Each structure stands twice: as structure tokens, then as C-alpha cells.
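Going by this note's numbering, the first residue of the sequence shown is number 765, and it counts up by one from there. Cβ coordinates follow ideal geometry from the N, Cα and C atoms, glycine included. Predicted model, so just to flag it, every value in this text is computed and none were measured. Following: one structure in C-alpha cells, then a few remarks.
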Amino acid sequence: MINITGSNLSYECAIENSLLDQTWTGAWTMKDDLHKMQSENFSLSCELTNSIFLLDQDFIVTWSKVERETSSILAYFLSSSRNTTIYEPRVSWNKERINQSDFFLTLKDLRVSDSGEYLCNISSSKYTL
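Following this line, the structure appears as C-alpha cells:
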């Protein structure tokens with residue numbers, strides 16, 4: 765059995781800049797553990813809701829696997845070029861969902877070494893979520 769871990773906790777962060785009279789908020793949730801068998805596929809969703817990113821602002825979405833104190837980038841998406849770069853051959857993006865701001869990642873043919881935590885990071889020159 766392959767375990768994908770999480771703690772099902774929700775977090776919210778608000779940053780206020782009184783000089784600019786602006787407040788930015790972000791929210792994220794760690795999902796329940798996933799339990800899959802070897803050779804199965806699994807998918808993870810990273811949805812950008814109530815976007816603080818303007819449509820004309822460039823941003824990057826990065827999916828990583830976190831192991832101990834390091835992380836390995838599996839894939840990333842650049843909004844400026846609408847291109848995805850995949851470093852793990854068993855990973856695929858759902859491009860239709862990217863157009864809906866849901867950065868849905870699928871890992872195929874699971875292995876025991878796939879057990880662990882996965883992190884989605886959305887960032888721009890001004891923000892990181």
C-alpha cells in the first residue's frame with residue numbers, strides 16, 4: 765500500500781500593508797491521507813480560488829514531492845507561456861482544468877517510493893500561495 769500523507773487541516777493567512785492600504789489573504793487545506801495500491805494512478809488538485817492574481821499577471825505553479833527536509837520538483841506551469849514542464853515521466857497535467865485555474869496533477873503507475881507528502885506552490889513576483 766502506498767500512503768500519501770496529509771493532516772486534513774485548513775490554514776488561512778492575511779498580510780496587511782498599511783502604507784499601501786492593501787490586504788492579501790491566502791487559504792490552504794491539507795487533505796486526508798490517500799491510500800493506493802502499487803501500479804494504480806492517483807490525482808491531486810491545486811485550485812486557485814478567489815484569485816489575487818490578475819489575468820495579465822504572470823505566475824508559476826509548481827508541484828513537488830517533499831522528502832525529509834528537501835523537495836523534488838515534479839512539474840511546473842508558467843502562465844506567461846501556458847507551458848508545462850514535467851520532470852517525472854509518470855506525471856501528467858490535466859490541461860482543460862488548468863484553463864479553469866485547477867492545477868490537477870496525475871501520477872501514474874504508483875511505486876512504493878511515491879509514498880510521502882506532495883506540495884503545490886503558486887507564486888508570482890508579488891505573491892506566493
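Can you grab the Cα-Cα spacing for the pair residue i / residue j, in whole Å?
i, j, result
"K859", "T870", "11 Å"
"Y851", "I779", "33 Å"
"S865", "T849", "17 Å"
"R832", "A839", "19 Å"
"N781", "T787", "6 Å"
"R846", "V830", "25 Å"
Apart from the five residues on each side of it in sequence, which residues of its chain come closer than 7 Å, Cβ to Cβ, to residue i?
i, result
"S844", "D822"
"S941", "The question about residue 941 has no answer here: the residues shown for the chain are numbered 765 through 893."
"L905", "Beyond the ends of the chain as shown, which are 765 and 893, falls residue 905; an answer cannot be given."
"S888", "F817, Q821, D822 and F823"
Residues in the same chain with beta-carbon distance under 6 Å from residue i, minus the five sequence neighbours each way, listed in chain order, please.
i, result
"N885", "T826"
"R854", "L871, K872 and D873"
Determine the closest residue to residue i out of the options, with distance taken between C-alpha atoms.
i, options, result
"E881", "F867, S889 and H799", "H799"
"D878", "T787, S835 and N781", "S835"
Using C-beta distances below 8 Å, list every residue in its chain close to residue i, excluding the 5 sequence neighbours before and after it, in chain order.
i, result
"N805", "T870, L871, K872, D873 and L874"
"I837", "T826, W827, S828 and Y851"
"F867", "S809, C810, E811, L812, V825, W827, F841, W857, R861, C884 and I886"
List the residues that DSSP assigns as beta-bridge partners of residue i.
i, result
"F885", "The question names Phe, yet the displayed sequence has Asn at residue 885. The partner list for N885 (beta bridge, DSSP) reads T826."
"S835", "V830"
"F867", "DSSP lists no partner for F867."
"L808", "L869"
"Y840", "T826 and T849"
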